[in-house]
Every structure is written in structure tokens, then in C-alpha cells.
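Have a look at the structure below, then the notes.
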């Protein structure tokens, strides 16, 4: 019993010591958000909440928004997804992964002259619906596809 | 300091396609270390690309973007020989800018 207590205490102290030595504690304390980063939107847990947090409501499914995503992702750590919006006047393209701990994954602003077509790699914790969301004018459009993940990329 | 980005920008007609490979840990904040302690999130929150003083792409990212992020986009109005600069800022306030010449 004594030995167990000793182990418990010493391992706790070691963790703190290691964390401090590795600079983890000050880093966590000084975490700051980049200017313009939409914290509220990136903390949403569902597609609808993410749309709301971005300032939209009632997105409409659109065939002019093409979501490229694999049907099966073997490795959830790296899933290539892309979206191309053929909707005129698209100013923003976002990706939402419904079952990730935080649904909103990335928001791309599309200035005039830039194609409303972007691609990136994302992590997926488990099989989930993946949404592409496009903003044109003050309207929001979406496309959705289910991606099955064989090996999750968000856990320990 | 972080490693440089790999930026490839290719002009085809009046369109330039840019592919960027960023070197960044993109720690999700969901993982735990061996002792069961949550590893704090550390990820790029903002990334943008500037061509001849004009922003051609800007994005906000969450922690679910993959480690060593990849991004691809294309824009009109660039030509071979022009410079394009990409800048990112992470949630620790670190930032990095790299430049590439359009080929």
C-alpha cells in the first residue's frame, strides 16, 4: 500500500516536471488565437451549428457544389478532401466533419479572381458525413458525402 | 523555428495553380501522452497567400487539418516569374512566411 502511494505521488510529480521541462505548461498558458480566427465557429459540434456560427442559416443542398472525398479512408490521419463550387459569386468554402470532436475543420475565403476550388488534408476520428459549405452572396449551399474511416486519426 | 514550406506554383494559361505543403505538427488537442495527460492543441489557425500585393487565398483552420498540412488552390492573373508568398500563424503566435516563384 505504501509502495503504491509512493509510486502514485512520484509519477504525478514526474509528469508535471517533464511537462514543465518540455515547455508545455507555459505554452498552454500563453496559447493565443490568430487575429480573425473565429473561435466560436471552430468550437461547434454539428453541421447546423457550424453554419450558424459562420453567419448563415438554412443551407441548401446544391449540385453545383462538388465535394471530392474518398468513400473509404484507410488512415483517418490524412484524408484528402476538396471542393469545387460552380455557384457564381462564391466567396467562401468551408469543410465540416460532423463526427469530429469539433465539426468545423477549415474555412477558405475566396477573393475575386481565385477559383472556388480548394483541397486540403484533414483528420477524421471516425466514419462521418463530410460537408462542403459554400457561401455565395448571403446564401449558403452544401454538398455532403459519407466517408468511412478504417483507422481513426483523432484518438491517442 | 519551423521548417520551410514547400510551395509549388505553376502557371497554365492565365491561371496559376498553387500547392503548398506546410511543415507543422497540427496537434489536435485530443491526444494523450503516455501518462494520460492531454497534449495541448497546437495548430495553424490562419494561412494566406499573397501575389503581387494581393491576397489570393486566405483560410482559417481548426485542429482537424492534418499534420504537415497540404493545401491546393488556383487563381487568375498570375504569370511565370511572379512571386507568391504564403504566411501562416498558429495558436501559439508563431508565424512563418515563405516565397516561391511561379513556374
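Residue numbers (the numbering used here), protein chains in the order written: chain A, 2 to 157; chain B, 12 to 114. Just so you know, even glycine gets a beta-carbon here, dropped at the ideal spot from N, CA and C.
Practice task
Quickly, what does DSSP pair residue 103 of chain B with across the bridge? List them, please.
Solution key: Note: residue 103 of chain B sits in no beta bridge, so no partner.
Practice task
Have a look at residue 87 of chain B and residue 108 of chain A and give me their C-alpha separation to the nearest angstrom.
Solution key: Distance between the alpha carbons of residue 87 of chain B and residue 108 of chain A is about 20 Å.
Exercise for the section: Could you tell me whether any Cβ in chain B is nearer than 8 Å to the Cβ of residue 31 of chain A? Expected result: In this prediction, residue 31 of chain A scores a pLDDT of 47, lower than 50, which makes its location untrustworthy; the coordinate-derived value is nonetheless stated afterwards. So yes, residue 31 of chain A belongs to the interface.
Exercise for the section: Indicate the three-state DSSP secondary structure (helix, strand or coil) for residue 109 of chain B in the structure shown. Expected result: The three-state secondary structure of residue 109 of chain B, taken from DSSP, is strand.
Exercise for the section: State the start and end residues of the unbroken beta strand (DSSP E) segment that holds residue 81 of chain B. Expected result: 81-87
Exercise for the section: Kindly indicate if chain B contains any beta-carbon less than 8 Å away from that of residue 71 of chain A. Expected result: no
Exercise for the section: Report yes if the C-beta distance between residue 141 of chain A and residue 132 of chain A is below 8 Å; otherwise report no. Expected result: no
Handout entry: Within 7 Å of chain A by C-beta, residues of the stretch 52-67 of chain B in sequence order
Key = 56, 57, 66, 67
Handout entry: Contact check, residue 80 of chain A vs residue 145 of chain A, beta carbons under 8 Å
Key = Not a contact, by the Cβ cut-off of 8 Å.
Handout entry: Cβ-based burial, residue 19 of chain B [other Cβ within 10 Å; buried from 16]
Key = exposed
Practice task
Residues of the stretch 91-119 of chain A with a CB closer than 7 Å to any CB of chain C: list them in chain order, please.
Solution key: Absent from the structure: chain C. Protein chains present are A and B.
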